[in-house]
Amino acid sequence: MLLGHPVCYDVFRQAEHRGIRLHDKRFCTAGAGGREKFQVQMRGVTVLKDLFRKQKKYATIPSEQAKREIPEGIVLKCPRCGNIGFAKELEKNLKVCKNCGYHFTLSAPERIRLTVDEGNFFEFDSDLISEDPLSFPHYKEKLEADRKKTEQNEAVVTGEGTIGGFPVIVGVMDSRFRMGSMGSVVGEKIARAADRAAVKGYPFVLFSASGGARMQEGVLSLMQMAKTSAALERLHEKRLLFVSVLTDPTTGGVSASFSSLGDINIAEPGALIGFAGRRVIEQTVRQELPEDFQTAEFLLKHGQLDQVVHRRNMRETLIRILDFHSGGDGYGDHQRNPSL
């Protein structure tokens, strides 16, 4: 076949377009219907290329049924075992995976609904709102977005209520709001709740769920560790009960301050509890850490927790603790509801 043949130039043009360097231009005879494959030598290696593969001139249009997407929140996938189930079924099981027992995170309203006697929770200090003391970029916008998403003003809800008929001060952190990070308002609300418990003579039950100190508030956030710890010390001086419940996750400055200062420290199964991240610790100590490191079970085994309690048993466990602390005859000037 002559090099002047239009098929040859077509082959060369497509080969060069595809980045193939033709050092030895040798072609087998190709007729009008033989534009299928050609043989070239590239740096001594024979490569078979099909430059004339027919491209599809059509595309499959998905049906309307295939286009429909499942609305968000209808089904949930377990991050531990991958099991997929309906959100409503998960809620019936207290947001615990039926397959592996993984405890999904709860919002503050959900936690209060599962723990406090129905109709007996009265929130206080809900008007406290975080400012932007360091003029941190986009911090105000993120706070506002979280307020709309959670319908809460901050990452902790505090209030007064009863659990099994026993009057208590309750605090519940919500990881949906800035990952439950502790800023000035979170620290202030927890300190005020502890002081209110001291004044009223009530036990203080606090559910922690936090990523640690809030970086957008700098040292003002770090000082909340000392402030909350001091408030709990005032509670202890009055010999009043503080029950700390650590849920997934409880990390950073929160784990290093008030969440670890309970008279009784309880955690949910599998909860991540620790200060620094696993990778940071491994790089620092240059050792491989145990697989269950920084889990509730690991801390229980090493004496840093008093009990690991399944979510379905949490309320009854708290009632037993409150009953034991009250001497079995009610707490303070209040008597336990005999119907409970």
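Everything in the sequence shown is counted per the UniProt record's numbering, starting at 1 for the first residue and increasing by one. Virtual Cβ for every residue (Gly too), placed ideally from N, Cα, C.
Cutoff 6 Å; reference F275; Cβ partners in own chain excluding five residues on either side: As a working note, residue 275 is residue 275 in the sequence shown. For F275, where only same-chain residues beyond five positions count, the Cβ hits under 6 Å are S255, A256.
State the start and end residues of the unbroken alpha helix (DSSP H) segment that holds K92. Start at 1 with the first residue of the sequence shown, and residue 92 comes out as number 92. From DSSP, the alpha helix (DSSP H) with K92 extends over 87-92.
Local conformation of F121 per DSSP, three classes: Counted from its first residue, the sequence shown places residue 121 at position 121. Strand at F121.
To the nearest angstrom, report how far apart C81 and T247 are at their CA atoms. Taking the sequence shown and counting its residues from 1, one reaches residue 81 at position 81. Taking the sequence shown and counting its residues from 1, one reaches residue 247 at position 247. Computed Cα separation, rounded: 19 Å.
Enumerate in chain order the residues of its own chain whose CB-to-CB distance from Q224 is below 6 Å, with the five nearest sequence positions on each side excluded. Counted from its first residue, the sequence shown places residue 224 at position 224. Apart from the 5 residues on each side of it in sequence, Q224 sits with its Cβ closer than 6 Å to the Cβ of M182, G187 in its chain, given in chain order.
Integer-rounded CB distance, given that T228 should sit under 8 Å from I266: For the purposes of this step, residue 266 is taken as residue 266 along the sequence shown, with counting starting at 1. For the purposes of this step, residue 228 is taken as residue 228 along the sequence shown, with counting starting at 1. Contact check for I266 and T228: beta-carbon distance about 18 Å, past the 8 Å limit, so the pair fails to qualify.
Residues of its chain near P133, where Cβ-Cβ distance is below 7 Å and the 5 sequence neighbours each way are ignored: Counting from one through the sequence shown, the residue named residue 133 turns up at place 133. In chain order, E217, L220 place their CB closer than 7 Å to the CB of P133, counting only its own chain and leaving out the 5 sequence neighbours on each side.
Find out if the Cβ-Cβ distance for the pair Q197, I163 is shorter than 7 Å. Position 197 of the sequence shown holds residue 197. Position 163 of the sequence shown holds residue 163. With the sequence shown as reference, residue 197 is identified as Ala, and Gln is not the correct amino acid for it. No, the Cβ-Cβ distance between A197 and I163 is not below 7 Å.
To the nearest angstrom, how far is it from the Cα of E282 to the Cα of E144? The residue you call residue 282 lines up with position 282 of the sequence shown. The residue you call residue 144 lines up with position 144 of the sequence shown. If I take the Cα positions, the gap works out to 37 Å.
Nearest-angstrom Cα separation, counted from C100 out to E297: Translated into the one-based positions of the sequence shown, residue 297 becomes position 297. Translated into the one-based positions of the sequence shown, residue 100 becomes position 100. Near 15 Å, if we compare the C-alpha coordinates of C100 and E297.
Using CA atoms only, rank isn't needed, just tell me which of G262, S135, N153 is closest to F124. Position 124 of the sequence shown, counted from the first residue, corresponds to residue 124. The shortest Cα separation from F124 among G262, S135, N153 belongs to N153.
Would the beta-carbon of F121 fall within 7 Å of that of L322? Mapped onto the sequence shown, residue 121 falls at position 121. Mapped onto the sequence shown, residue 322 falls at position 322. Against a cut-off of 7 Å, the Cβ pair of L322 and F121 comes out as no contact.
Since G252 and G211 are thought to touch, with beta carbons under 8 Å apart, how far apart are those beta carbons, to the nearest angstrom? Numbered from its first residue, the sequence shown carries residue 252 at position 252. Numbered from its first residue, the sequence shown carries residue 211 at position 211. So it is a contact: roughly 6 Å between Cβ atoms.
Which partner residues does F204 have in the DSSP bridge list? Position 204 of the sequence shown, counting from 1, holds the residue named residue 204. Bridge partners of F204: I169, F242.
Distance, E131 Cα to residue 349 Cα: Residue 349 lies beyond the stretch modelled for the chain, which goes from 1 to 340, so this question has no answer here.
Give a yes or no on whether the C-beta atoms belonging to F207 and V157 are separated by under 7 Å. Position 207 of the sequence shown, counted from the first residue, corresponds to residue 207. Position 157 of the sequence shown, counted from the first residue, corresponds to residue 157. In this structure, V157 does not lie closer than 7 Å to F207 by Cβ.
Which of helix, strand or coil does DSSP assign to V185? Position 185 of the sequence shown, counting from 1, holds the residue named residue 185. If DSSP states are grouped into helix, strand and coil, V185 belongs with the helices.
Spatial neighbours of C28 within its chain, please: CB distance less than 6 Å, with the 5 preceding and 5 following residues excluded, ordered by chain position. As a position in the sequence shown, residue 28 is number 28, starting the count at 1. For C28, the predicted structure reports a pLDDT of 45, less than 50, and the residue's modelled location is therefore unreliable. A value from the coordinates is still provided. For C28, where only same-chain residues beyond five positions count, there are no Cβ hits under 6 Å.
From G85 to N93, what distance separates their C-alpha atoms? One-based indexing of the sequence shown puts residue 85 at position 85. One-based indexing of the sequence shown puts residue 93 at position 93. Cα to Cα, the separation comes out at about 11 Å.
Could you tell me whether the Cβ atoms of A193 and L232 are closer together than 7 Å? As a position in the sequence shown, residue 193 is number 193, starting the count at 1. As a position in the sequence shown, residue 232 is number 232, starting the count at 1. No. Outside cutoff.
DSSP state of I319, grouped into three classes? The residue labelled residue 319 in the question sits at position 319 within the sequence shown. Three-state DSSP puts I319 in a helix.
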